[in-house]
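**Student:** Residue numbers (this note's numbering): 5 to 106.
Structure below.
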């Protein structure tokens, strides 16, 4: 009984530690920024930098996405590729590669 309880507790703790979510649900209103989550674009680009933003309560994923876009634009990018969002507890981590499309 005690061993089963510890096993179940360990499984619950492991499964709730980190999750990766689709970022396609996040909104952004910046039309000059092209964002690719899962596929590599079919046009030429130059990689500029890897960027990331982190936040927790009360930051929303959408506000963090706006921060990511701003960082990319500050680096001279007009696009983001390989964008990922991870959550761990109440912390959110969004990352991607800033690119300059030709």
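Every residue gets a Cβ at the ideal spot worked out from N, C-alpha and C, and that includes glycine.
Relative to the C-alpha of residue 57, which candidate in 101, 7, 49, 40 has its C-alpha closest?
**Tutor:** Residue numbering aside, residue 57 sits at position 53 when the chain shown is read from its first letter. Minimum Cα distance to residue 57 is reached at 101.
**Student:** With distances taken from CA atoms, which of 80, 65, 52 is nearest residue 88?
**Tutor:** Here residue 88 is taken as the residue at index 84 of the chain shown, counted from 1. Comparing C-alpha distances from residue 88 to each of 80, 65, 52 shows the shortest one belongs to 65.
**Student:** Considering just the uninterrupted stretch of the beta strand (DSSP E) at residue 104, what are its terminal residues?
**Tutor:** Position 100 of the chain shown, counting from 1, holds the residue named residue 104. Residue 104 -> beta strand (DSSP E) spans 95 to 105.
**Student:** Residue 104 to residue 7, Cα distance in whole Å?
**Tutor:** Working through the chain shown from its first residue, we reach residue 104 at position 100. Working through the chain shown from its first residue, we reach residue 7 at position 3. Computed Cα separation, rounded: 55 Å.
**Student:** Taking the runs of the alpha helix (DSSP H) that are 4 residues or longer, which of them lie wholly in the region 31 to 93?
**Tutor:** Taking only runs of at least 4 residues, the alpha helix (DSSP H) segments lying wholly in the region 31 to 93 are 65 to 78.
**Student:** Please report the straight-line C-alpha distance between residue 61 and residue 72, rounded to a whole angstrom.
**Tutor:** Here the question's residue 61 lines up with position 57 in the chain shown. Here the question's residue 72 lines up with position 68 in the chain shown. Rounded to the nearest angstrom, the two C-alpha atoms are 17 Å apart.
**Student:** Would you kindly check if the distance between the Cβ of residue 68 and the Cβ of residue 96 is under 8 Å?
**Tutor:** Mapped onto the chain shown, residue 96 falls at position 92. Mapped onto the chain shown, residue 68 falls at position 64. It is a contact, given that the beta carbons lie within the stated cut-off.
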